[in-house]
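Chains B and V, in that order, are what the protein sequence lines are. By my numbering, the letter at position 37 of the first sequence is numbered 37, and the numbering carries on one by one without gaps. Take any residue in the second sequence, count from 1 to its spot, add 453: that is its number in my numbering. Beta carbons are placed, not taken as given, at the ideal position from N, Cα and C, and that holds for glycine. Given the structure is predicted, the values throughout are model-derived calculations rather than measurements. The structure under discussion appears below in the form of structure tokens.
Protein chains: 2
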Amino acid sequence: MAGSQIHKVVFFFFFILISHTIVSAKIKLGWSRKAATEAEGVAIIYCSGHGQAYIDGDIVDGKPSCECNTCYAGDDCSIFLSNCTANAESGDPLFLKPYWEKHAADSAVVVAGWHRMSYSTTGKNYITTELERHIRMLHHGVGNAVTDDKFIVFGAGSTQLLYALVHALAASLNSSSPASVVASVPYYAPYRQQTEFFDSKLAEWRGVTSEWVNASKGSTNNFIEFVTSPNNPDGLLKKALLNGSLTINDHAYYWPHFTAISEPVDEDVMLFTTSKLTGHAGSRFGWALIKDEDVYNRTVRYMELNTEGTSRETQLRMLKLYKVILAELGGGKGDIFTFGYKTMRERWIKLNQVVSLSKRFSLQKLPTSQYCNYFNTTRDPSPAYGWLKCEMEEDEDCDAVLRAGGLSGRSGTIYSEDKKHVRVSLIKSQDDFNQLITKLTALVNQTKTTALN
Amino acid sequence: MAGSQIHKVVFFFFFILISHTIVSAKIKLGWSRKAATEAEGVAIIYCSGHGQAYIDGDIVDGKPSCECNTCYAGDDCSIFLSNCTANAESGDPLFLKPYWEKHAADSAVVVAGWHRMSYSTTGKNYITTELERHIRMLHHGVGNAVTDDKFIVFGAGSTQLLYALVHALAASLNSSSPASVVASVPYYAPYRQQTEFFDSKLAEWRGVTSEWVNASKGSTNNFIEFVTSPNNPDGLLKKALLNGSLTINDHAYYWPHFTAISEPVDEDVMLFTTSKLTGHAGSRFGWALIKDEDVYNRTVRYMELNTEGTSRETQLRMLKLYKVILAELGGGKGDIFTFGYKTMRERWIKLNQVVSLSKRFSLQKLPTSQYCNYFNTTRDPSPAYGWLKCEMEEDEDCDAVLRAGGLSGRSGTIYSEDKKHVRVSLIKSQDDFNQLITKLTALVNQTKTTALN
């Protein structure tokens with residue numbers, strides 16, 4: 001009996017041990033374990049929810065240190081600097097970071113030491129075929145752009161492609177004089193800065209589109225018009241204004257985070273960037289959809305001579321991120337656009353609430369209750385930026401007014417608009433947004449107090 | 454007694470189970486496991502040693518397919534296509550792939566979904582401080598460049614930096630006329646192609662350096678001279694030829710793989726690229742060392758308007774790779790330069806053996822027994838390319854001769870040299886090199902047979 005009991009006990013434990021071993025064996029990792037362990041070890045470094053440690057961060061006490069959000073300090077970012085200036089300047093799309101933290105397992109990628117060392121990859125022109133395919137699926141799934149009859153060129157953000165396209169379109173005009181490049185105020189400054197700085201014989205900056213609208217017929221044939229829709233900074237939907245000009249349609253913000261998707265856009269030259277789709281500005285990845293083969297070939301040649309394509313590890317990572325988005329598409333809880341719209345909408349409502357407390361400031365007016373084909377319902381505005389205007393006569397330099405109140409935005413002059421306007425970014429981290437609201441509330445209350453005196 | 458035995462048995466198994474659990478727990482991975490499992494699963498896909506499957510490869514039967522080396526085909530790359538043309542064209546540095554396969558655990562990197570989404574990173578101008586620090590350590594450890602008094606700018610390969618520097622140097626000349634850009638024949642074609650294609654008002658291509666050597670004093674003050682050392686294609690060490698010109702010193706090949714390190718180079722503007730250091734051409738990563746702050750600032754501005762820096766996941770990966778190299782530095786068995794020199798040296802010897810079998814072809818002459826400060830001993834040539842010359846009068850177009858023999862190289866004309874020369878790449882995969890040798894041997898034997906008839 002005792003022997004039988006021993007056998008039973010032995011058998012029982014043996015069974016558990018074997019099962020345990022089988023499970024362990026199944027999940028046993030080899031060469032990738034070290035990197036995985038390192039990444040997880042860095043991810044759990046505690047930064048009080050106000051910062052993040054990264055593998056390639058500055059080393060303090062033998063490990064990567066916390067990189068604190070603006071106005072936070074200390075080893076673990078736990079110290080709030082109350083006199084600190086809130087920063088609403090850059091279009092750093094960190095509002096999407098929590099989304100990727102929630103999708104940690106699906107969005108991580110392991111890059112092997114020997115991954116795609118070659119110049120060439122699966123597709124032509126330094127393009128991974130699978131990534132191109134997923135980008136087309138993404139546009140199709142979201143319904144924001146027609147890709148069927150378009151070529152795709154990858155770039156280091158849309159930044160690189162903006163000027164590649166100016167160059168390609170200008171060359172395609174085959175004119176003896178340089179192409180005239182224009183944009184509508186307020187516009188994203190690099191359109192002008194690039195054309196002026198790179199100073200090619202092919203293209204010249206000619207300023208504001210509206211000044212050429214009434215030009216005599218044919219005189220704008222040699223023009224390249226930037227059309228940004230939704231527009232940066234004000235979020236308005238835009239159309240080309242000039243007849244006969246070539247257009248570069250910058251659709252960086254044409255995603256359900258920021259605007260209703262009323263139709264798939266279908267222009268000859270369209271630009272998108274992962275920065276405002278997934279929030280990975282640091283990856284430097286964007287793409288152009290191009291209809292004309294000649295313009296496509298010229299753009300490809302530009303990319304070849306400029307950088308020989310975009311980083312292959314970035315392409316690998318983008319593929320992984322787009323797979324996550326595609327798997328969750330459809331407006332459900334795990335959908336990045338549900339998350340993005342919800343976040344941006346809440347921020348826009350809050351910003352409007354604060355601004356409406358006084359008459360000192362106003363915000364751009366955006367159409368309400370637009371039908372969105374993606375969400376299959378109407379939706380309200382959720383722009384990436386507040387295009388703030390100082391309404392009081394004495395507040396001539398709105399940027400200076402905000403800075404005096406401890407809030408830094410981007411002056412309207414950067415967008416070739418007047419000094420009464422300032423762009424405040426709503427797409428940064430929650431900490432940044434909270435600080436923006438705090439400082440703006442104080443400025444608004446200041447006015448009310450002043451008004452009462 | 455039986456009860457005591459049961460207790461002992463229970464205790465024994467319990468102890469084993471607990472130990473087992475502790476070990477498992479210690480190595481238990483969370484969110485990174487899925488990506489790690491995927492990467493290892495793809496890495497073991499069998500491609501007969503003549504190809505590789507990658508995570509982002511084309512999908513066949515639900516998994517990434519083998520991407521076969523040139524002249525290999527089939528699902529598992531096991532079919533050798535004997536009538537296939539050997540490809541010795543590109544400078545694809547795949548000779549280093551086996552090195553990274555041997556260092557799989559140390560060179561892998563896990564990129565978390567939320568890794569460095571921001572535009573900004575630890576350093577200024579989109580540069581990760583730790584990576585910059587490791588690059589300086591690498592130059593110091595190898596002894597190939599003085600970095601102490603230099604600024605560093607990162608680029609998408611040296612490709613992007615080549616023209617960024619032309620632009621920055623040209624602007625720094627503050628001249629009313631465009632800068633004249635020149636290089637010594639044979640030269641790397643993009644020097645000319647970029648200057649002509651980007652067509653800036655700041656700089657013009659003025660051809661071959663030697664044509665300006667005897668120009669009157671002061672007339673080359675407005676010149677920018679490309680100096681490539683070791684030179685691509687011929688591997689010779691070069692110095693600037695013009696007095697008073699600005700120089701861009703392209704040291705892409707100044708690593709112990711390819712040449713003796715006789716001294717640390719110390720010019721005002723120097724260029725390096727990971728492509729010819731680690732072999733990661735696809736990563737698009739290079740850097741410039743710049744002495745003058747004004748030139749540095751102009752280069753940084755170029756990078757900002759062109760691409761807003763280089764991919765942050767690429768920077769993360771580069772840091773990991775450079776750490777591996779640094780850890781193994783010193784000429785030992787695990788040293789990448791030991792591996793690189795050994796491989797390149799063997800290939801150079803083999804190529805010379807074949808070429809010396811007839812008088813049909815000749816190769817560039819490189820100095821033997823150079824003292825290398827890095828290896829602390831003399832070493833023999835191990836260039837990246839064979840600069841092949843067709844010696845027979847009737848072989849006017851050497852490239853055509855080779856192609857007729859099933860071997861494609863790059864015609865001398867691409868390097869602004871004559872048709873009698875062809876560059877054959879020695880830095881590709883072992884398969885590529887073997888095919889080059891096979892085809893060249895046949896061409897050499899063909900001559901001998903013809904001579905006998």
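* Members of the segment 581 to 611 of chain V near chain B, C-beta cut-off 7 Å -> Residues passing the 7 Å Cβ filter: Thr581, Thr582, Glu583, Leu584, Ala609, Gly610.
* To do: Go ahead and label Glu293(B) buried or exposed: buried means 16 or more other beta carbons lie within 10 angstroms of its beta carbon, across all protein chains shown.
  => Position 293 of the first sequence, counting from 1, holds the residue named residue 293(B). Classification for Glu293(B): exposed.
* Quickly, what does DSSP pair Tyr824(V) with across the bridge? List them, please. => Walking along the second sequence from the start, residue 824(V) turns up at place 371. In the DSSP output, where bridge partners are listed per residue, Tyr824(V) has Thr831(V).
* Asked: Is Tyr46(B) buried or exposed, if buried means 16 or more other CB atoms sit within 10 Å of its CB?
  -> On the first sequence, residue 46(B) is found 46 positions in, with the first residue counted as 1. Exposed.
* Asked: Since Ser633(V) is in the beta strand (DSSP E), which residue starts that stretch and which ends it?
  -> Walking along the second sequence from the start, residue 633(V) turns up at place 180. Looking at the DSSP string, the run of the beta strand (DSSP E) that includes Ser633(V) is 632 to 636.
* Within the same chain, show all residues whose beta-carbon is closer than 6 Å to that of Val185(B), passing over the 5 residues directly before and after it, in chain order. => Within the first sequence, numbered from 1, the residue matching residue 185(B) stands at position 185. So the qualifying residues of the chain are Val208, Ser416, Glu417.
* **Length at least 4, wholly inside the segment 310 to 359 of chain B: the alpha helix (DSSP H) runs in chain order** => The segment 310 to 359 of chain B is shown to contain whole alpha helix (DSSP H) runs of 4 or more residues at 312 to 328, 336 to 355, in chain order.
* First and last residue of the beta strand (DSSP E) that includes Met392(B)? -> Counting from one through the first sequence, the residue named residue 392(B) turns up at place 392. Here Met392(B) belongs to no beta strand (DSSP E), and DSSP marks it neither H nor E.
* If we ignore side chains and look at the alpha-carbon of each, how far apart do Thr900(V) and Asp848(V) end up? -> The residue you call residue 900(V) lines up with position 447 of the second sequence. The residue you call residue 848(V) lines up with position 395 of the second sequence. Each residue's CA atom was taken as its position, placing Thr900(V) and Asp848(V) some 11 Å apart.
* To do: Out of Gln315(B), Cys68(B), Asn174(B), state which residue places its alpha-carbon closest to the alpha-carbon of Asp432(B).
  => Position 432 of the first sequence, counted from the first residue, corresponds to residue 432(B). Sorting Gln315(B), Cys68(B), Asn174(B) by C-alpha distance to the C-alpha of Asp432(B) places Cys68(B) at the top.
* Asked: Relative to chain V, which residues along the segment 251 to 265 of chain B have a C-beta separation below 8 Å, given in chain order?
  -> Taken residue by residue, none of the segment 251 to 265 of chain B has a beta-carbon sitting less than 8 Å from a beta-carbon on chain V.
* To do: Select from the segment 502 to 520 of chain V all residues with a C-beta closer than 8 Å to any C-beta belonging to chain B, and list them in chain order.
  => Taking 8 Å as the Cβ-Cβ cut-off against chain B, the residues of the segment 502 to 520 of chain V that qualify are Gln505, Tyr507, Ile508, Asp509, Gly510, Asp511, Ile512, Glu520.
* In chain V, which residues lie with their C-beta within 8 Å of the C-beta of Lys34(B)? -> As a working mapping, residue 34(B) is identified with position 34 in the first sequence. Counting only Cβ-Cβ distances below 8 Å, Lys34(B) has contacts in chain V at Ala558, Asp559, Ala561, in chain order.
* Buried versus exposed, by CB contacts within 10 Å (16 or more), Pro256(B) -> One-based indexing of the first sequence puts residue 256(B) at position 256. Buried, because 16 or more other Cβ atoms sit within 10 Å of the Cβ of Pro256(B).
* Helix, strand or coil at Gly739(V) [DSSP, three-state] -> For the purposes of this step, residue 739(V) is taken as residue 286 along the second sequence, with counting starting at 1. It is a strand residue.
* Asked: What's the gap between the Cα of Ser107(B) and the Cα of Trp100(B)?
  -> As a first step, residue 107(B) is located in the first sequence; it is residue number 107 there, counting from the start. As a first step, residue 100(B) is located in the first sequence; it is residue number 100 there, counting from the start. Answer to the nearest angstrom: the Cα atoms are 7 Å apart.
* Lys603(V): which of Trp740(V), Val875(V), Lys842(V), Trp665(V) sits nearest, CA to CA? -> Here residue 603(V) is taken as the residue at index 150 of the second sequence, counted from 1. With respect to the C-alpha of Lys603(V), the residue from Trp740(V), Val875(V), Lys842(V), Trp665(V) having the closest C-alpha is Trp740(V).
* Which of helix, strand or coil does DSSP assign to Ala540(V)? -> In the second sequence, counting from the first residue as 1, residue 540(V) sits at position 87. The displayed chain sequence assigns Asn, not Ala, to residue 540(V). The answer is strand: DSSP assigns Asn540(V) an E or B state.
* Name the residue from Arg345(B), Leu161(B), Asn434(B) whose alpha carbon lies nearest to the alpha carbon of Ser82(B). => As a working note, residue 82(B) is residue 82 in the first sequence. Closest option to Ser82(B), judged by alpha-carbon separation, among Arg345(B), Leu161(B), Asn434(B): Asn434(B).
* **Inter-residue CB distance, Tyr707(V) and Asn597(V) (contact presumed, cutoff 8 Å)** => Locating residue 707(V) in the second sequence gives position 254, where the first residue counts as 1. Locating residue 597(V) in the second sequence gives position 144, where the first residue counts as 1. Right, the Cβ-Cβ distance comes to about 5 Å (below 8 Å), so this counts as a contact.
* Drop a sphere of 10 angstroms on the beta-carbon of Ile290(B), count the other beta-carbons inside from all chains shown, and report buried for 16 or more, exposed for fewer. => For this step, residue 290(B) is matched to residue 290 along the first sequence. Ile290(B) should be labelled buried.
* Asked: Should Asp601(V) go down as buried or exposed, given a rule of 16 or more other Cβ atoms within 10 Å for buried?
  -> Taking the second sequence and counting its residues from 1, one reaches residue 601(V) at position 148. Answer is exposed; the Cβ neighbour count stays below 16.
* **Closer than 6 Å: His257(B) CB and nearest the ligand FMN heavy atom** => This structure simply doesn't include the ligand FMN, nor any ligand for that matter.
* Determine the DSSP secondary structure at Asp250(B), reduced to helix, strand or coil. => In the first sequence, residue 250(B) corresponds to position 250, counting from 1. Strand.
* **The alpha helix (DSSP H) enclosing Trp484(V), as first and last residue numbers** => Translated into positions along the second sequence, residue 484(V) becomes position 31. Trp484(V) -> no alpha helix (DSSP H), and no H or E assigned at all.
* Beta-carbon separation (whole angstroms), Asn232(B) vs Tyr188(B), contact threshold 8 Å -> Here residue 232(B) corresponds to residue number 232 of the first sequence, with the count starting at 1. Here residue 188(B) corresponds to residue number 188 of the first sequence, with the count starting at 1. About 5 Å separates the two Cβ atoms, so the contact holds.
* Residue range of the alpha helix (DSSP H) that includes Trp100(B) -> Counted from its first residue, the first sequence places residue 100(B) at position 100. Counting along the chain, the alpha helix (DSSP H) containing Trp100(B) begins and ends at 97 to 102.
* Asked: How many whole angstroms separate the CB atoms of Phe711(V) and Gly688(V), which I take to be in contact at a CB cut-off of 8 Å?
  -> On the second sequence, position 258 is the one that residue 711(V) refers to. On the second sequence, position 235 is the one that residue 688(V) refers to. Right, the Cβ-Cβ distance comes to about 7 Å (below 8 Å), so this counts as a contact.
* DSSP beta-bridge partners of Glu678(V) -> Counting from 1 along the second sequence, the entry for residue 678(V) is found at position 225. In the DSSP secondary-structure assignment, Glu678(V) is bridged to Val635(V), Thr700(V).
* To do: Tell whether a beta-carbon distance below 7 Å holds between Val354(B) and Gly386(B).
  => Position 354 of the first sequence holds residue 354(B). Position 386 of the first sequence holds residue 386(B). No, the Cβ-Cβ distance between Val354(B) and Gly386(B) is not below 7 Å.
* To do: Kindly say whether Glu657(V), judged by its beta-carbon, lies nearer than 7 Å to any beta-carbon of chain B.
  => As a first step, residue 657(V) is located in the second sequence; it is residue number 204 there, counting from the start. Not flagged as an interface residue toward chain B: Glu657(V), since no C-beta distance is shorter than 7 Å.
* Are three or more beta carbon pairs between the segment 238 to 252 of chain B and the segment 261 to 271 of chain B nearer than 8 Å? -> With a cut-off of 8 Å, the segment 261 to 271 of chain B and the segment 238 to 252 of chain B count as touching, because enough Cβ pairs lie within range.
* In this structure, does DSSP put Gly494(V) in helix, strand or coil? -> Here residue 494(V) corresponds to residue number 41 of the second sequence, with the count starting at 1. Of the three classes helix, strand and coil, the one that applies to Gly494(V) here is helix, per DSSP.
* Would you report the Cα separation of Gly594(V) and Thr37(B), rounded to the nearest angstrom? -> Counting from one through the second sequence, the residue named residue 594(V) turns up at place 141. Counting from one through the first sequence, the residue named residue 37(B) turns up at place 37. Between the alpha carbons of Gly594(V) and Thr37(B) lies a distance of about 28 Å.
* C-alpha gap between Lys487(V) and Gln315(B), whole angstroms -> What you label residue 487(V) is simply residue 34 of the second sequence in a count that begins at 1. What you label residue 315(B) is simply residue 315 of the first sequence in a count that begins at 1. The alpha-carbon separation between Lys487(V) and Gln315(B) amounts to approximately 19 Å.
* To do: Could you list which residues in chain V have their beta carbon closer than 8 Å to that of Glu101(B), in chain order?
  => Indexing the first sequence from 1 puts residue 101(B) at position 101. Those are Gly566, Trp567, listed as they occur along chain V.
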